[in-house]
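Working notes for the structure below.
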Amino acid sequence: MRQIETVTLDDARRVIAAGEQKAREIGSPSNVAVVDAGGNLVAHIRMDDAWMGSIDISINKAFTARAFDTSTGDLAKNSQPGEQFYGISDSNHGRVMIFAGGLPLRGSNGNVVGGVGVSGGTGEQDQVVVEAAMAAF
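Residues 381 to 517 (our numbering) make up the sequence shown, in order.
This is the structure we're talking about:
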């Protein structure tokens with residue numbers, strides 16, 4: 381039987397807490413979401429004053445990072461007209477996010493075991509927050 385390493389609720393809470401702390405430091409109320417190895421939501425927060433519209437975006441950024449095992453910012457570069465993944469944002473029932481703020485989470489063996497997504501600020505702010513969140517994993 382094959383065993384798969386995945387994100388636990390404790391992992392998700394730690395990752396989210398780090399993201400929330402960074403979001404507060406930079407003044408960017410954010411939504412922070414963590415998904416497991418299967419791309420399923422483990423935990424999510426919406427900070428006070430964070431946009432409601434960013435709830436789904438943060439969850440979908442986490443999903444995208446896990447579904448394609450890459451950062452959403454890198455996927456964006458390859459999804460422009462003429463690039464190999466042009467149109468990918470229409471796949472998976474529109475869940476694929478192609479802008480900064482989503483990163484895969486890697487386990488002890490280096491395999492992707494989940495993802496984290498942040499939405500609520502500029503692309504640059506979301507990327508700063510998601511990097512801080514990932515670092516706590």
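Glycine residues also receive a C-beta, built at the ideal position from the N, C-alpha and C atoms.
Cβ-heavy atom distance, residue i to the ligand ZN, below 7 Å
i, result
"residue 484", "Absence of the ligand ZN from the depicted structure is noted, as is the absence of any ligand whatsoever, leaving it without description."
Where residue i falls, given that 16 or more other Cβ within 10 Å makes a residue buried
i, result
"residue 441", "buried"
"residue 463", "exposed"
"residue 470", "exposed"
Whole-number beta carbon distance between residue j and residue i, since they are thought to touch under 8 Å
i, j, result
"residue 465", "residue 458", "4 Å"
"residue 494", "residue 416", "5 Å"
Backbone CA spacing between residue i and residue j [nearest angstrom]
i, j, result
"residue 404", "residue 451", "23 Å"
"residue 411", "residue 503", "13 Å"
"residue 497", "residue 475", "12 Å"
"residue 428", "residue 393", "17 Å"
"residue 448", "residue 434", "21 Å"
"residue 484", "residue 389", "16 Å"
is_contact[residue i, chain B] using C-beta, thresh 8 Å
i, result
"residue 419", "Reference to chain B is not applicable here, since this structure consists of a single protein chain."
Extent of the continuous alpha helix (DSSP H) to which residue i belongs
i, result
"residue 495", "Run containing residue 495: none in the alpha helix (DSSP H); it sits in the beta strand (DSSP E), 492–499."
"residue 487", "Careful: residue 487 lies outside any alpha helix (DSSP H) and carries neither H nor E."
Any beta strand (DSSP E) of 3 or more consecutive residues that is wholly inside the segment 406–468: Taken in chain order, the complete beta strand (DSSP E) segments of 3 residues or longer contained in the segment 406–468 are 411–415, 421–426.
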